[in-house]
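In my numbering, the protein residues as written are 31 to 237.
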């Protein structure tokens, strides 16, 4: 009788977790996380957090960023372009001064070379952080602020800056370009714009 080993069903890493639109971080959350990382000298995590906010990249794209994607020689770029894994389309993003400093500090500490992944994995089987590892790191940041982890995820970092930009400018086209969305409708759904937002914009226009 042949010994047949039943194939185990694939179990997603986020099984049993609440899935859906994750809330963007507030300014107080951003500085709460940033200050904690600075005080605890978590140089890699600070660079990861800052770049996640600036780049607005999905987790799968963020963890795969290489030094050469965001730096020329020893100079961190003020703007960078990364091809999105999901869409295959390039998206450009800014790298602010604080983020450039934190990235440079991390590159120096880790002695990274141009062809290295910016966020190497400490697991030998992986060249860079996995999305799952990134999620665990993010969960630690949120937990330290005593926030409900079911309401926030790594996608919160992708949503945060676009949401703040929209709230300040009401310019959907700008947000669409920053996120690399092909359709404006996708940006509307992504931001979760409601009727109240539309009415608020309309009320500000006198004809």
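Backbone N, C-alpha and C fix where the C-beta goes; we use that ideal spot for every residue, glycine too.
Beta-carbon separation of residue 221 and residue 193 under 8 Å? Result yes, Cβ atoms of residue 221 and residue 193 sit closer than 8 Å.
Select from 187, 51, 212 and 70 the residue whose C-alpha is nearest the C-alpha of residue 119. 212
Residues near residue 77 by beta carbon distance below 6 Å, same chain, minus five either side: Excluding residues within five positions, the ones whose Cβ falls inside 6 Å are 132, 133 and 136.
Rounding to the nearest angstrom, what Cα-Cα distance links residue 158 and residue 198 in this structure? 35 Å
Rounded to a whole number of angstroms, what is the C-alpha to C-alpha distance between residue 110 and residue 122? 6 Å
If you reduce the DSSP assignment to three classes, tell me which class residue 152 lands in. coil
Close-in-space but distant-in-sequence residues of the same chain around residue 36 (CB under 8 Å, 5 per side omitted): A caution first: residue 36 carries a pLDDT of 49, below 50, which makes its placement in the model unreliable, though a value can still be read off. None.
Beta carbon of residue 83, beta carbon of residue 190: below 8 Å? yes
Residue 240 versus residue 200 - alpha carbon distance: Look at the range of the chain in this structure, 31 to 237, and you will see that residue 240 is not part of it.
Nearest to residue 208 by alpha carbon, out of 113, 95, 90 and 70? It is 113.
Best match in 90, 124 and 167 for proximity to residue 116 [C-alpha to C-alpha]: 90
Would you call the region 97 to 109 and the region 50 to 69 in contact, with 3 or more CB pairs under 8 Å? no
Of all the alpha helix (DSSP H) runs that stay within the bounds of the region 180 to 208, which reach a length of 4 or more residues? 184 to 199
For residue 149 and residue 125, what's the separation of their Cα atoms in angstroms? 16 Å
Counted within 10 angstroms of its Cβ, other Cβ atoms place residue 188 as buried (16 or more) or exposed: With 16 or more other Cβ atoms within 10 Å, it is buried.
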